[in-house]
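Line by line, the protein sequences give chains L and F. Under this note's numbering, the first residue of the first sequence is numbered 6, with each subsequent residue one higher. Under this note's numbering, the first residue of the second sequence is numbered 17, with each subsequent residue one higher. Heads up, the beta-carbon is just placed ideally off N, CA and C, and yes, glycines get one too. See structure below.
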Amino acid sequence: MKKLLKGGRVIDPANGIDGVHDVLIDGDRIARVGRDLPVNGATIVEVPTGFVVCPGFIDMHVHLREPGQEHKETVSTGTASAVAGGFTAVACMPNTSPVNDNANVTSLILAKAAEAGQARVYPIGAVSKGSKGELLADIAELKEAGCVAITDDGHPVATALLLRRALEYAGMFGMPVIEHCEDQSLKGDGVAHEGFHAASLGLRGIPGAAEALGAERGILLSELTGSAFHVAHMSARASLRAVRKGKENGVRVTCEVAPHHFTLTDEALAVPIPYDTNTKMNPPLREVADRDAMLAGIADGTVDVIATDHAPHHYDEKNVEFDRAPFGIVGLETAISLALDRLVHAGLIRLPRLVELMSTNPARILRVPGGSLAEGAPADITIIAPDLRVRVQAAAMRSRSKNTPFDGWELRGGVAATVVGGRTLFVNPDASVGI
Amino acid sequence: MTTASTDIERKPAVTALRHKDLLGIVDLTAEEIALILDTAEAMKEVGTRPIKKVPALRGKTVVNLFYEPSTRTRTSFEIAEKRLSADTLNIAIGTSSVVKGETLADTALNLEAMAPDMIVLRHSSSGACHLLSRICRSAIINAGDGMHEHPTQALLDAFTIRERKKQLKGLKVAIIGDLLHSRVLRSNIQLLTKMGAQVWVCGPPTLIPTDIRRFGVTATSSVDEAVTDADVVMLLRIQLERMEGAYFPSLREYFRVFGMTEARLRQAKSDVMIMHPGPMNRGVEIASEVADGPYSVILDQVANGVAVRMAVLYLLAGGAEHEEAA
């Protein structure tokens, strides 16, 4: 069955395309992209003027919580949340229970994903067995089962030596090591960014240097080993400096920034709701200079990827004292609107750069299909409505958890439709595309 | 927010508090602070009567919910409540369902179901009172939350200073000790700067909060600089366990560098006041000769604590308005 998308602005940086084009989908594949393609019996889909047709967005940092923490999220609810947020694929972190450090867990996740039939799921395996930081996990086995990268996310890899070995070993399979960069002794029992607001609220601080030390360590070891190193959820300006310097020196380092880190600052700890546990995440919301550095890094190309660090937690777990609440917020269903509003409409970047950050680059870093509308590529498509007025409603989210600091926010720009493998899995009723 | 002046301190421009709770000094205006201090003067008089009791809070139920051990503050609140004729009950950790793993929110909701009028909360987590405030109808009074605020302590400190110095404006107040972990410090900075005092804070750099200058204070690690020409010197408790965090090498060395001795105190004004929120570590942050010496008002602080807490309870219960209704 063929579909012909007509009238949209097609942006596909991987193939140098930006303009009004038709996209022909044949079954689960892209058949052709071009001007005024012949219909040849295909179903015509009129894309409203101003809407943008992109290769499917990929969120390379998501916690799906299954197995083990299904009260927070499942593969099914998490991938439904993903398509509602415009993501055609997600990469899920291994800090489940049990940890995804062997093929059984990987296979379980992939089976659940197939059953759910929503966004594609690319599992990320653990660096070490049980993410305990002692012995390497069976990385070849993980790779064969379908893992696309390794990480001990939630924590940094325990020692520099183990991180070195992981880089060397995973490099053999072309898998990047994704690192939660943090010097744990410097982080201590901190719960918020070490700055004026934490000092004022009496919250124990986590300095930006804790993250930057971790980033510097990984970059040095990436240089030493020649393997690909990816800095997860970067938040501190000193980390950005380290990445920029590493790139200048030819180190194979890449990095991602989460929407909350380019949108919010530590002022959100105090205003509008003091001690709102939905402003507690790790790394923490940082000060203005850090947030501005993330924006600058996104604008100048140093930042490779926008990833959400989607971290669902149950209401009960967040409805406690600030220092007892778990770190993290959900992000899948707010990312595109925040990026359009805060980056594109703010004049910081143009749409093609946004597509690079959310589709082209994550596909390239993880070496997964997608990120391109080339002939024969999977028909994974995100259609965005850049000027749609969006009001964030936590209660209406498809994620099982609603822990977001953005509830009630009004943003410009949103998802119109999400197509995975030629199947339309989400259509935004507020921005209808007859797809 | 207005800045304080002598006039405001003496003639309150307001007759009631704006908020239902007392979560921190940060939420009070200079006028409200002056109102509490003036009200406390009247309350202090009650404590000098043969029958130390007034009916102001008759029929009101006050719960003292203490998740941290406290002798001074809990006793002070309880005496204040009883002098105002409130019905009081005390819940301390270890005797409640907290040990069964109940969350703070659930404990608060269960208490709420029994319709108390006020909850006085002491808790080890900063912001615990804000959590209660969001879910409770009762007035919440912060009796110390983590490293955040201890508003009634700052109010009783201000009351004690005002008793001696007549006004807070223009005074040099030096606060010396563990600044980082101190809720007393945070409340005092808020209060003293709002009332126009010059606040100096002093401690080892390891125990000074980030960006403290943004609070409108002068920070130094030189005790001599802090004490010179000070009208008030306030010492903060140094906890033994801070050595384990490598904040300083030893209590002995702390005393050598920061301990308040008679010799150091000579640099202050001749009528300097020595204050300490307690409990004191003699020979660590303060020499015994200073604690027990002629400049010390440490026991006056404790005495005034009752009057100040009576004032806070009275005003949050609705003040004169409530009394008329009753």
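Run through DSSP, which three-state label would Phe62 of chain L get? Here Phe62 of chain L carries a strand assignment [DSSP, helix/strand/coil].
Segments of 4+ residues assigned as alpha helix (DSSP H) that fall wholly inside the stretch 192 to 243 of chain F: If one requires a minimum length of 4 residues, the alpha helix (DSSP H) runs lying completely within the stretch 192 to 243 of chain F are 199 to 210 and 239 to 243, in chain order.
Distance between beta carbons of Ser141 of chain F and Asp158 of chain L, contact taken as under 8 Å: Not really, about 27 Å apart at Cβ, beyond 8 Å.
Say whether chain L places a C-beta atom closer than 8 Å to the C-beta of Ile177 of chain F. The beta-carbon of Ile177 of chain F is placed no less than 8 Å from the nearest beta-carbon of chain L.
Taking 8 Å as the threshold (C-beta atoms), are Glu326 of chain L and Gly143 of chain F in contact? yes
Is the beta carbon of Val349 of chain L less than 8 Å from the beta carbon of Leu356 of chain L? Yes, the Cβ-Cβ distance between Val349 of chain L and Leu356 of chain L is below 8 Å.
Taking C-alpha atoms, which residue in L:Thr282, L:Thr84, L:Arg296 and L:Tyr127 lies nearest to Pro99 of chain L? L:Tyr127
Does DSSP classify Phe431 of chain L as helix, strand or coil? strand
Keeping to the same chain, check which residues put their C-beta closer than 7 Å to that of Gly21 of chain L; ignore five residues upstream and five downstream. none
Does the Cβ of Met320 of chain L have 16 or more other Cβ atoms within 10 Å, making it buried, or fewer, making it exposed? Per the sequence shown, residue 320 of chain L should be read as Tyr rather than Met. Its Cβ having fewer than 16 others within 10 Å, Tyr320 of chain L is exposed.
May I have the straight-line CA-CA distance separating Glu48 of chain F from Leu73 of chain F, to the nearest angstrom? 20 Å
Excluding five sequence neighbours on each side, which residues of the same chain lie with their C-beta closer than 6 Å to the C-beta of Ala390 of chain L? Residues of the same chain with a CB within less than 6 Å of the CB of Ala390 of chain L, apart from the 5 flanking positions on each side, are Phe56, Gly419, Ala421 and Ala436 in chain order.
Determine, using beta carbons only, whether Ile183 of chain L and His198 of chain L come nearer to each other than 8 Å. Against a cut-off of 8 Å, the Cβ pair of His198 of chain L and Ile183 of chain L comes out as no contact.
So with CB distances below 8 Å, who are the chain F contacts of Leu206 of chain L? Ser142, Gly143 and His164
Can you check whether the CB of Ile144 of chain L is closer than 8 Å to the CB of Ala96 of chain L? no
Quick check: the Cα distance between Glu75 of chain L and Glu84 of chain F, rounded to an integer number of angstroms? 35 Å
Can you tell me which of the three DSSP states Met299 of chain L falls into? helix
Beta-carbon spacing of Gly375 of chain L, Gly32 of chain L below 8 Å: no
Based on Cα-Cα distance, which residue from F:Val248, F:Thr104, F:Val30 and F:Leu148 lies nearest to Leu125 of chain F? For the residues F:Val248, F:Thr104, F:Val30 and F:Leu148, the minimum Cα distance to Leu125 of chain F belongs to F:Leu148.
Out of curiosity, what's the CA-to-CA distance linking Ile290 of chain F and Leu120 of chain F? 37 Å
If you scan the stretch 114 to 175 of chain L from start to end, which runs of the alpha helix (DSSP H) of 4 or more residues do you find wholly inside it? Annotation note: the stretch 114 to 175 of chain L contains the following uninterrupted alpha helix (DSSP H) runs of length 4 or greater, listed N- to C-terminal: 144 to 150.
Please state the DSSP three-state secondary structure of Thr104 of chain F. When DSSP states are grouped into helix, strand and coil, Thr104 of chain F belongs to the strand group.
Please classify Ala85 of chain L: is it buried, with 16 or more other beta-carbons within 10 angstroms of its beta-carbon, or exposed? buried
Anyone know if the C-beta pair for Ala131 of chain L and Leu337 of chain L falls short of 8 Å? No, they are not a contact pair.
If I follow the unbroken alpha helix (DSSP H) through His139 of chain F, where does it start and stop? Taken as a continuous stretch (DSSP letters only), His139 of chain F belongs to no alpha helix (DSSP H), being part of the beta strand (DSSP E) at Met134 to His139.
How many Å lie between Ser102 of chain L and Ala150 of chain L at the Cα? 18 Å
Closest to Met402 of chain L by CA distance: which of L:His68, L:Gly90 and L:Gly13 is it? L:Gly90
So for Asp43 of chain F, helix, strand or coil by DSSP? Helix, per DSSP.
Burial state of Ala351 of chain L, where buried means 16 or more other Cβ atoms lie within 10 Å: exposed
Does the structure place the stretch 298 to 315 of chain L close enough to the stretch 226 to 246 of chain L that three or more beta carbon pairs sit under 8 Å? yes
Taking 8 Å as the CB-CB limit, is Leu251 of chain F close to chain L? no
Please go through the same chain and pick out, in chain order, the residues whose beta-carbon is closer than 6 Å to the beta-carbon of Ala298 of chain L, but skip the five residues on each side of it. For Ala298 of chain L, where only same-chain residues beyond five positions count, the Cβ hits under 6 Å are Arg242 and Leu245.
Using a Cβ-Cβ cut-off of 8 Å, state whether Ala246 of chain F counts as contacting chain L. no
Which listed residue (L:Asn324, L:Leu115 and L:Asp106) has its alpha carbon closest to that of Gly138 of chain L: L:Asp106
The alpha helix (DSSP H) that contains Leu148 of chain F, what's its start and end? Ala144 to Ile151
What is the rounded straight-line gap between the Cα of Arg3 of chain L and the Cα of Gly255 of chain L? Missing from the structure shown is residue 3 of chain L; chain L here goes from 6 to 440 and no further.
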